[in-house]
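Positions 1 to 165 (the UniProt record's numbering) are the ones given, in order, by the sequence shown. Ideal Cβ placement from N, Cα and C applies to all residues, glycine included. These notes are about the structure you will find just below.
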Amino acid sequence: MLDTFYRVFGYGYLPDLHDDVIDLAGTYLDHPTQRLWVAEHAGQIVATSAIRARGPRNPPHPAWLVDRYPDGTTAQFFRVYVRPEHQRRGLASRLVRQGIDFVRETPALDRLYLHTDTRTPGALEFWQTFGEIVHDGRDPANTFQTVHLEIPLRHECDRRSSSQW
């Protein structure tokens, strides 16, 4: 995760935004509506994905997003990273599907939100296979090149069966 902050994003570790990385146990293991998944290869962690029961923060994100995705009932994807030499093997998709299933099975959570930095090659296209853009916050004058998405929690078969009623 730290490699991604420094090597991919280029801005390094920011304590206000990355506190979960320093306290993985307190953030993910000790909380019933939060999880961290890792993929390992040859004794090395090569991919991560996490769900936290919180919405976006203002700043750096718009206040209306904070209102739309409140803490406690909103799940948010965090730390979906795959080391470059392990990309294009389906690891991120598998980890994301586990996260989506976890949120669907957690009654306290009713929305699934995420934001992605579009400087990561293929990130936006990847996330659009799971969800829909709710806000494009890219701005050339900004440090962050962020797009915000929501992933629907209902299965396609759930939508079909509910429309029959």
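Give every residue of the same chain whose Cβ lies closer than 6 Å to the Cβ of residue i, excluding the five residues on either side of it in the sequence, and list them in chain order.
{"i": "His86", "result": "Val46"}
{"i": "Gly131", "result": "Leu149, Glu150 and Ile151"}
{"i": "Val21", "result": "Met1"}
What's the gap between the Cα of residue i and the Cα of residue j?
{"i": "Pro62", "j": "Thr143", "result": "15 Å"}
{"i": "Gly90", "j": "Arg97", "result": "11 Å"}
{"i": "Val103", "j": "Ala75", "result": "7 Å"}
{"i": "residue 175", "j": "Leu65", "result": "Residue 175 lies beyond the residue range present for the chain, which begins at 1 and ends at 165; the question has no answer from this structure."}
{"i": "Leu24", "j": "Tyr69", "result": "23 Å"}
{"i": "Pro32", "j": "Gly26", "result": "11 Å"}
{"i": "Thr4", "j": "Tyr81", "result": "7 Å"}
{"i": "Gln145", "j": "Thr116", "result": "8 Å"}
Going by DSSP, what residue range makes up the beta strand (DSSP E) through residue i?
{"i": "Ala63", "result": "Segment Ala63 to Arg68 is the alpha helix (DSSP H) holding Ala63; no beta strand (DSSP E) there."}
{"i": "Gln98", "result": "Taken as a continuous stretch (DSSP letters only), Gln98 belongs to no beta strand (DSSP E), being part of the alpha helix (DSSP H) at Leu91 to Arg104."}
{"i": "Thr27", "result": "Run containing Thr27: none; DSSP gives neither H nor E here."}
Quick test of your reading: residue i and residue j, contact by CB under 8 Å. State the CB separation rounded to the nearest angstrom.
{"i": "Leu114", "j": "Phe77", "result": "4 Å"}
Measuring CA to CA, which of the options is closest to residue i?
{"i": "Val147", "options": "Arg83, Ser49, Thr118 and Ala141", "result": "Thr118"}
Taking the continuous alpha helix (DSSP H) assigned at residue i, which residues delimit it?
{"i": "Ala123", "result": "Ala123 to Gln128"}
Considering only residues of the same chain and omitting the five flanking positions on each side of residue i, which have a CB-CB separation below 7 Å?
{"i": "Thr106", "result": "Thr33"}
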